[in-house]
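*Asks:* Can you read through this structure? Questions will come right after.
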Amino acid sequence: MALPVVDTDYLKEIDKARRDLRALIASKNCAPIMLRLAWHDAGTYDVHTKTGGPNGSIRTEEEYSHGSNNGLKIAIDFCEEVKSKYPKITYADLYQLAGVVAVEITGGPTIDFVPGRKDSMISPKEGRLPDAKKGVSHLRDIFYRMGLSGKDIVALSGGHTLGRAHPERSGFDGPWTKNPLKFDNSYFVELLQGESEGLLKLPTDKALLDDPEFRGYVELYAKAVLTILFHLPSLDIHSSYNYLLSSFPTLRFSQDEDAFFRDYAISHKKLSELGFTPSSSSGSKVIAKDSTVLAQSAVGVVVAAAVVIMSYFYEVRKRMK
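Here it is as structure tokens:
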């Protein structure tokens, strides 16, 4: 199929579709499955053969019937409601836009979206997506075949902060985090804390702790909270953790996920553009934060940590009097 003409009218339809997707996802609480749809359409890319990728082919019965795509017909049908209103937009663009909106509407980072992907009806062979029952070498094989890196593997795994596994779809059951409709870094915090009743940890999740490179990123993405906890004296880690959450209920998710959000936005964009080269007519890109803004964010984290620690010592002194 031909590339879409990304002109002013096309960009206007993208903006309208974005608004409609926000309303749709909010009303149906379907952010997790919309994100999964975007990932699975893109995750079939093969950098060597230049086949697969974010081309909308997942809408074909042949592809959505793959075992790894169980349940995704629901998301495909949701997107069809939007597609019928904006027929100029390709399925390839629509599915990736849905993934971007799903992350943003649940509190995640803003992801740069550039339209212009062409549609395809050619489905790749089954077996190109990650198998949750396998480990480190499998993850590397799958993601390296796409042209992605070790950092991308871990950052994208953090997207499991949204949603849950369903036994009729994957054979696994349960959410990865306590709030499966909020995009934050709790996937990594829970992963480092070990087994938790009611929370899921797949073999591919545990594999992130087995590999030194992967584990380094896991610890980075959960680091701020854990660093503060381990440096609080006198109380054990659980008491310190509960004290912080009760005294500063918004701190955990307001200051400790900058590194994850930054890397996730980059990795998600890479995944959504596999095999796609944006043209100069594809519209203006969102400009990433410059070094000044990043520096200000870093200062904010330090100040927040200092406030918590000082407040902690103040509480301890009060108890000793």
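Each step along the sequence shown adds one to the number in UniProt numbering, with nothing skipped, and position 165 is 165. Ideal Cβ positions, reconstructed from N, Cα and C, are used throughout, including at glycine.
In whole angstroms, what separates the C-alpha of residue 1 from that of residue 170?
*Replies:* Taking the straight line from one Cα to the other gives about 32 Å.
*Asks:* Would you identify the three-state DSSP class for residue 99, choosing helix, strand or coil?
*Replies:* If DSSP states are grouped into helix, strand and coil, residue 99 belongs with the helices.
*Asks:* When you compare only the Cα positions, how much space is there between residue 164 and residue 179?
*Replies:* Spanning the two alpha carbons is a distance of roughly 10 Å.
*Asks:* Quick check for students: name the residue ranges of the alpha helix (DSSP H) that lie wholly in the stretch 12 to 40, counting only runs of 4 or more.
*Replies:* Listed in chain order, nothing qualifies, since the stretch 12 to 40 has no complete alpha helix (DSSP H) run of 4 or more residues.
*Asks:* Buried or exposed for residue 25, please, with buried defined as at least 16 other CB atoms from any protein chain shown within 10 angstroms of its CB.
*Replies:* Buried is the call here.
*Asks:* At what residues does the alpha helix (DSSP H) containing residue 113 begin and finish?
*Replies:* Looking at the DSSP string, residue 113 is not in any alpha helix (DSSP H), and its letter there is neither H nor E.
*Asks:* Rounded to the nearest angstrom, what separates residue 146 and residue 93 at their Cα positions?
*Replies:* Near 19 Å, if we compare the C-alpha coordinates of residue 93 and residue 146.
*Asks:* By the three-class DSSP mapping on this structure, what secondary structure does residue 203 have?
*Replies:* Helix, per DSSP.
*Asks:* In chain order, what residues of the same chain have a beta carbon less than 8 Å from the beta carbon of residue 40, not counting five sequence neighbours either side?
*Replies:* If we look at residue 40 and ignore the five residues flanking it on each side, its Cβ neighbours are 58, 68, 69, 72 and 129.
*Asks:* Assuming the contact rule is C-beta atoms closer than 8 Å, residue 181 and residue 106 should be a hit. Round their C-beta distance to whole Å, please.
*Replies:* 6 Å between Cβ atoms; contact.
*Asks:* Using the C-alpha atoms, what's the distance from residue 126 back to residue 118?
*Replies:* C-alpha separation (whole angstroms): 21 Å.
*Asks:* Give the list of continuous alpha helix (DSSP H) stretches no shorter than 4 residues that lie fully inside the stretch 160 to 204.
*Replies:* Qualifying alpha helix (DSSP H) stretches, in chain order: 167 to 170 and 186 to 193.
*Asks:* So, does the stretch 86 to 101 touch the stretch 48 to 57, judging by three or more C-beta pairs under 8 Å?
*Replies:* Result yes; three or more Cβ-Cβ pairs closer than 8 Å.
*Asks:* How about the stretch 74 to 86 and the stretch 128 to 143: do they share at least three Cβ pairs that are nearer than 8 Å?
*Replies:* No, the stretch 74 to 86 does not touch the stretch 128 to 143.
*Asks:* Which of helix, strand or coil does DSSP assign to residue 211?
*Replies:* If DSSP states are grouped into helix, strand and coil, residue 211 belongs with coil.
*Asks:* For residue 50 and residue 166, I'd like the C-alpha separation in whole angstroms.
*Replies:* Residue 50 and residue 166: Cα-Cα distance of roughly 32 Å.
*Asks:* Which of the three DSSP states, helix, strand or coil, is assigned to residue 234?
*Replies:* Interpretation of residue 234 is limited by its pLDDT of 48, a score under 50 that renders its predicted location unreliable; the figure taken from the coordinates is listed afterwards. DSSP places residue 234 in coil when its eight states are reduced to three.
*Asks:* Suppose contacts are defined by Cβ-Cβ distances below 8 Å. Is residue 45 in contact with residue 274 by that definition?
*Replies:* Closer than 8 Å, so yes.
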